[in-house]
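S.K.:
Chains as they are written, first to last, in the numbering used here: chain A, 1 to 231; chain B, 1 to 231; chain C, 1 to 231; chain D, 1 to 231; chain E, 1 to 231; chain F, 1 to 231.
1. Just the Cα atoms here: how many angstroms apart are residue 225 of chain F and residue 108 of chain E?
2. Taking the alpha-carbon of residue 17 of chain B as reference, which of B/207, B/180, B/205, B/208 has the nearest alpha-carbon?
3. Answer yes if the stretch 209-217 of chain B comes into contact with the stretch 46-56 of chain B, meaning at least three C-beta pairs across the two stretches below 8 Å, and no otherwise.
4. Counting only Cβ-Cβ distances shorter than 7 Å, please list the residues of the stretch 171-185 of chain C near chain B, keeping chain order.
5. What separation, rounded to the nearest whole angstrom, lies between the Cα atoms of residue 72 of chain C and residue 153 of chain C?
6. What separation, rounded to the nearest whole angstrom, lies between the Cα atoms of residue 236 of chain B and residue 169 of chain B?
7. Does residue 150 of chain D come out as helix, strand or coil in the three-state DSSP assignment?
8. When DSSP labels each residue in this structure, what does residue 129 of chain D get in the three-state scheme?
9. Using the beta-carbon count (16 or more within 10 Å), is residue 24 of chain D buried or exposed?
10. Looking only at its chain, what residues have a beta carbon closer than 6 Å to the beta carbon of residue 177 of chain C, apart from the 5 residues adjacent to it on each side?
11. So what does residue 134 of chain D bridge to, in DSSP terms?
12. Report the rounded CA-to-CA distance for residue 229 of chain E versus residue 192 of chain B, giving the unit in angstroms.
13. Mapping DSSP to helix, strand and coil, what is residue 49 of chain A?
14. Would you say residue 139 of chain D and residue 96 of chain D are within 7 Å of each other, going by their C-beta atoms?
15. Is residue 178 of chain B helix, strand or coil when you go by DSSP?
16. Straight-line CA distance for residue 86 of chain B to residue 114 of chain B?
17. Look at the alpha carbon of residue 41 of chain E and the alpha carbon of residue 98 of chain D, and state the distance between them as a whole number of angstroms.
18. Around the Cβ of residue 83 of chain D, are there at least 16 other Cβ atoms within 10 angstroms (buried) or fewer (exposed)?
19. Hey, how far is the Cα of residue 235 of chain B from the Cα of residue 70 of chain F?
20. Buried or exposed: residue 130 of chain D, going by 16 or more other Cβ atoms within 10 Å of its Cβ?
21. Could you tell me the alpha carbon to alpha carbon distance between residue 124 of chain C and residue 35 of chain A, rounded to whole angstroms?
22. Listed in chain order, which residues of the stretch 64-85 of chain E have Cβ atoms closer than 8 Å to some Cβ of chain C?
23. By how many angstroms is the C-alpha of residue 161 of chain B removed from the C-alpha of residue 37 of chain B?
24. So residue 140 of chain D contacts chain E; which residues on that side make the cut at Cβ distance below 9 Å?
25. May I ask you to list, following chain order, the residues of the stretch 92-126 of chain A that have a beta carbon less than 8 Å from some beta carbon of chain E?
26. Can you give the Cα-Cα distance for residue 65 of chain C and residue 89 of chain F, rounded to whole angstroms?
27. Classify residue 207 of chain E as buried or exposed, calling it buried when 16 or more other Cβ atoms lie within 10 Å of its own Cβ.
28. Taking Cβ positions, are residue 57 of chain D and residue 172 of chain D nearer each other than 7 Å?
29. Taking CB distances under 7 Å as the criterion, tell me whether residue 36 of chain F reaches chain E.
30. Here's a check: name, in chain order, each residue in its chain whose Cβ is nearer than 6 Å to the Cβ of residue 22 of chain E, leaving out the five neighbours to either side.
31. Provide the residue span of the alpha helix (DSSP H) that contains residue 31 of chain F, from first to last.
32. Please report whether the beta-carbon of residue 143 of chain D lies at a distance below 7 Å from any beta-carbon of chain A.
33. Report whether the distance from the Cβ of residue 173 of chain B to the nearest heavy atom of the ligand GTP is below 6 Å.
34. Assign residue 204 of chain A to buried or exposed, taking buried as 16 or more other Cβ atoms, counted over all protein chains shown, within 10 Å of its Cβ.
35. Tell me the DSSP bridge mates of residue 228 of chain B?
36. Could you check what DSSP says for residue 155 of chain E in three-state terms: helix, strand or coil?
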């Protein structure tokens, strides 16, 4: 098949979701830990913030490409949702309109969705907070959108600077949003677990007053780099 | 009378406020609902945010034009306040100084004001939160201001991108700030009510798992627009 | 000694901290009051925000210069901390990486630190909130940093637009962050106290409905400036 | 007639344009001079910049409200253009797509337009420069737009923070964009002329080394304000 | 082979570059035309701007991942350059340091490179302009960088919001930067050619005064959408 | 003398300017070279840009603290200017008004000034370009300012993130603005000279096709850092 130039106007129905057990394991760790465990990749831009304090989500991505000021594809995406999914929506240009509100949240939750990550705006923040439906967005805006122009569902996207494929694991908390490719979900979960175990001991030693300079053996490299202590 | 070129240095004392009953009815609805009911106009820029979570206000606008770094006119405005008013302040250039704090809030409240919307900065956030005096602003800044240069009170202004006339209704909540012209306040309130009634049924159907695709009859227009489903 | 062109790669061990009693007195006042009492200087840019609502700190500055994406010097700074210190970190260029998290916070607290002010990003926000370790930062980011390039500790810095010398008093609350030079800490505390006493009376009069126009005797200067009242 | 809640979906055909002679006179002055002559009102936000160095325009406004990512109304506006008009386009939300390019410029020029002021993006900058078709915009973007949703033509708008009515005079140069209400165009032109005449003498005196302190008689007010000279 | 979690620290030497003839054909068209011909995908964010007026480039991508404040990988990339390549550099976090200057440009040119696209800062702008070495960047900064931390060369990246694979065609001009996947380079070039041919006729008709409303047959859909003309 | 809490309202008349010969020598080098030669300090934020292409200045700083929307102190500063000075102006809060235009430029030039660096806006850009009066600013704005509130002249300031003392050397070109403390002006000039000499040879070798990898002996440290080459 010839590669298409244009991947707008497409809904892919069958996607391969990351392994359920791996997703559940990843849900136990924070975004910073997972991002670090993966070697420092997969993070969305820091302008993506939770709409209420304490929001947190972990699930498999159903991806959406939106057009500015148009949320038609968020309705199309609802049909593709399975239990445990997170909708991850990008837009063809920077736009902060309120693409999503409490009606869509009600629908998404009824379809099993765990939340929304959207490089755009959302509204009905009070209702979404009452529902405890976690949303991470670029903005909050009361401005509604039209339903006139096609985007796509379940194609590879770039959301807030990070590549996301349908079925990838998306984890979000107070520290931001990270994407784990489906193929390495288990590996990333294991690495996060190892990392966290490692940190417990460090925390105890630091709490007891030990210096990171000593614990991480930084004194020699610092001296080598030329650090001078003066009085 | 010849139209003046310059409308700075003016305080208009008698303004026509929106009908009280209409204002009270508008107070029952959210910003997103009202904005939608009005056909998508009257919204302030999304950078206008509440200074504390849950802040909400609805009242008739007393408008103010400020000069950068100068809050003199906020003092002048106090005298023009009537029960149920909201001060809406613009600035002749972008400026985030702390034009407003707990002393002015105390004065405004004593004069019957419901809150403040300001395209600038405010300070004493902790005290304002304790007072539960709702403020929607562009920024928070501890920097005080001088009282040296005239602006105006109760002239037509543009605040954070939206035109506001003295007496208009201003409603603000977690989703942002919207302005309803006084002349259509009742009409907007009725439209908001109709819209909200309409949404209750939709919410129920979506919660039961019905798809927006079906409820809004989107399948045919989507197909017509060329949407392709692939597996 | 010839003045050095380059002050990177230096750790100054002995710094003169502001008088303890003055620091404790300053801790009783808000940032807006202190900033005003000092005549309107020493404020950091308004993009510096607390990572959790209600965060507040007051202490003596241990200053740090960071390199973008590199938190090595935050580890070096830990050793220089004394009871009551606040780490104030600038970066050689704008960078929002997560330079600081719960492990460093554990170490800093063990060393007696009162909090952190950083013109960069931080992470582990949930843990820092649980610890109630106050941080004022430019951003939140899960992205970690390397330990490869030298900056400095306890040299004069510019942090978010304000000059900070080691030993200066740093106060931060909901309204922002202000720096008081060590040499005038007592003087600033006294001025803040005087200012606050002065405000209590004003607050009472304004609450009783007196206008600022009268209380501050503004009517004459406003008229002189040309203010016109129209009906 | 009942005031409509919604002014989208409207094209007003007959508008009253500012007096031709006044427009021609205004064309002789710079934006800074006109803005000053009007008493400091009517300026668009400073993010509005010429797409090529030296661009300059002066004409009567045909106003347009666009929807994000949709330039349909720019085509509708073409039919309403008369010799000497300038299209002034706002958008219902911040959007930097390329709403306008060389084809529309060709059409606009054929209809007599003097240029474009748009609170959005434009493209084909090289061609527009070759044509010397002056455009002042918020951004440059190669991204095209759809033609799917109605806005309006020749209704009162807010463009980049300034209110613009159809028929107003719009002047733009290296210093920015200013709007003169049609009703005061002649008055503003006269005031600008007076101001400029006034400046020629000042320029000569300053060039000869006279200080503004003396020419503007600032020494006494500065001393009164408390300025201290130290050595 | 197990998929690696971490793709930093890698240089891929053999990459498949887009077909030379297709690249040469694409070089004849503007960014806006190519972007439109591809169906509206592949555009970098609009903050990517040429460092001098008239800069323009077209070539095959050698991709680079940089660390903030560190240009080590730009030196590593030099060795991988072949005649006709363009270096496309992303950074693991937003950073505007001057990663690139005239020395690297001299080296790149000697190796056959056509220019640089970098989501970061550059310096020596005067020299680069004299050399006519085209650079599209996010910023200009005199601040140099260290060589301490690994990134990668020739892995898939996201640069200023757009996915770029090694060997893809990158075209940049006054309107911005667009990426054409290597596999569809010829198809995109043909589509751009068809589009441009199509435009010549339209331009002629519009120049003769024909309205887009008629030429594009918009009157009926506008009426159907509800557009009202009033006088 | 007791240290004053407030340094506003002061004009210091006698300042120690950097050595003339050192200033002249520094004028021969670019900002990037000088910044590098000084070890990477003294650079202003990258938002400071020349108002016309090719602007360049080098001189001794007369510092100014402005209040937002108020340029009174720029008039006061004129009297303090000596041949070879550059006015460096900061503002007590972020403000982009047009503080400076062609009249002040005429006066400054008559007093011997070499240009202006201002963390604010300027206007009359066309005239300033014609005069070839170099200005580096944060913004361009036609909006004028008042003369109502005191700032200071010739006190230590922070301008666009960099500390500047009266008499320091300020150099600006296409790459930005750098400040050299007066006490190390000669040392910095010598270091810049050495650096530039060093670069000529490198440029020649790179132009001949030698790789930075070899010239800078990077292969071993890259390998040590773990860089992997794959095919």
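Idealized CB from N, CA, C, for every residue including glycine.
M.R.: Looking at the coordinates:
1. Taking the first residue of the sixth chain as 1, we reach residue 225 of chain F at position 225. Taking the first residue of the fifth chain as 1, we reach residue 108 of chain E at position 108. Residue 225 of chain F and residue 108 of chain E: Cα-Cα distance of roughly 24 Å.
2. Here residue 17 of chain B is taken as the residue at index 17 of the second chain, counted from 1. Cα-wise, what sits closest to residue 17 of chain B is B/180.
3. no
4. 173, 174, 175, 176, 178
5. On the third chain, position 72 is the one that residue 72 of chain C refers to. On the third chain, position 153 is the one that residue 153 of chain C refers to. Taking the straight line joining both Cα atoms gives about 11 Å.
6. Summary: the structure shown does not reach residue 236 of chain B, with chain B confined to residues 1 through 231, and so no result is reported for it.
7. Position 150 of the fourth chain, counting from 1, holds the residue named residue 150 of chain D. The answer is coil: DSSP assigns residue 150 of chain D none of H, G, I, E or B.
8. Position 129 of the fourth chain, counted from the first residue, corresponds to residue 129 of chain D. Three-state result, residue 129 of chain D: helix.
9. One-based indexing of the fourth chain puts residue 24 of chain D at position 24. The residue in question, residue 24 of chain D, is exposed, as its Cβ has fewer than 16 Cβ neighbours within 10 Å.
10. One-based indexing of the third chain puts residue 177 of chain C at position 177. Excluding sequence neighbours, residue 177 of chain C sits near 44, 48, 117, 136.
11. The residue labelled residue 134 of chain D in the question sits at position 134 within the fourth chain. In the DSSP output, where bridge partners are listed per residue, residue 134 of chain D has none listed.
12. Counting from 1 along the fifth chain, the entry for residue 229 of chain E is found at position 229. Counting from 1 along the second chain, the entry for residue 192 of chain B is found at position 192. C-alpha separation (whole angstroms): 27 Å.
13. Start at 1 with the first residue of the first chain, and residue 49 of chain A comes out as number 49. Strand.
14. In the fourth chain, the residue the question calls residue 139 of chain D occupies position 139. In the fourth chain, the residue the question calls residue 96 of chain D occupies position 96. Contact: yes.
15. The count along the second chain starts at 1 and reaches residue 178 of chain B at position 178. Three-state result, residue 178 of chain B: strand.
16. Taking the first residue of the second chain as 1, we reach residue 86 of chain B at position 86. Taking the first residue of the second chain as 1, we reach residue 114 of chain B at position 114. Whole-angstrom Cα-Cα distance: 5 Å.
17. The residue given as residue 41 of chain E occupies position 41 in the fifth chain. The residue given as residue 98 of chain D occupies position 98 in the fourth chain. Their Cα atoms are separated by approximately 14 Å.
18. In the fourth chain, counting from the first residue as 1, residue 83 of chain D sits at position 83. Exposed, by the Cβ-count rule.
19. With chain B running from 1 to 231 in the structure shown, residue 235 of chain B is simply not present.
20. Indexing the fourth chain from 1 puts residue 130 of chain D at position 130. Label assigned to residue 130 of chain D: exposed.
21. Here residue 124 of chain C is taken as the residue at index 124 of the third chain, counted from 1. Here residue 35 of chain A is taken as the residue at index 35 of the first chain, counted from 1. Rounded to whole angstroms, residue 124 of chain C to residue 35 of chain A spans 12 Å at the Cα level.
22. 67, 68, 69, 70
23. Translated into the one-based positions of the second chain, residue 37 of chain B becomes position 37. Translated into the one-based positions of the second chain, residue 161 of chain B becomes position 161. Each residue's Cα considered, the two are about 19 Å apart.
24. As a working note, residue 140 of chain D is residue 140 in the fourth chain. Chain E residues near residue 140 of chain D: 46, 49, 174, 175, 176.
25. 92, 94
26. As a working mapping, residue 65 of chain C is identified with position 65 in the third chain. As a working mapping, residue 89 of chain F is identified with position 89 in the sixth chain. If I take the Cα positions, the gap works out to 25 Å.
27. Taking the fifth chain and counting its residues from 1, the one referred to as residue 207 of chain E is at position 207. Answer is exposed; the Cβ neighbour count stays below 16.
28. As a position in the fourth chain, residue 57 of chain D is number 57, starting the count at 1. As a position in the fourth chain, residue 172 of chain D is number 172, starting the count at 1. For residue 57 of chain D and residue 172 of chain D, yes; Cβs fall inside 7 Å.
29. Here residue 36 of chain F corresponds to residue number 36 of the sixth chain, with the count starting at 1. Chain E, which has a Cβ nearer than 7 Å to the Cβ of residue 36 of chain F, makes this yes.
30. By 1-based counting over the fifth chain, the position of residue 22 of chain E is 22. So the qualifying residues of the chain are 185, 186, 189.
31. Here residue 31 of chain F refers to the residue found at position 31 of the sixth chain. Residue 31 of chain F -> alpha helix (DSSP H) spans 31-37.
32. Locating residue 143 of chain D in the fourth chain gives position 143, counting from the first residue. Judged by the 7 Å Cβ criterion, residue 143 of chain D is in contact with chain A.
33. This structure lacks the ligand GTP; in fact it carries no ligand of any kind.
34. For the purposes of this step, residue 204 of chain A is identified with residue 204 of the first chain, where counting begins at 1. Classification of residue 204 of chain A: exposed, given that the 10 Å Cβ count is below 16.
35. Here residue 228 of chain B is taken as the residue at index 228 of the second chain, counted from 1. Per DSSP, A/10.
36. Here residue 155 of chain E is taken as the residue at index 155 of the fifth chain, counted from 1. Coil.
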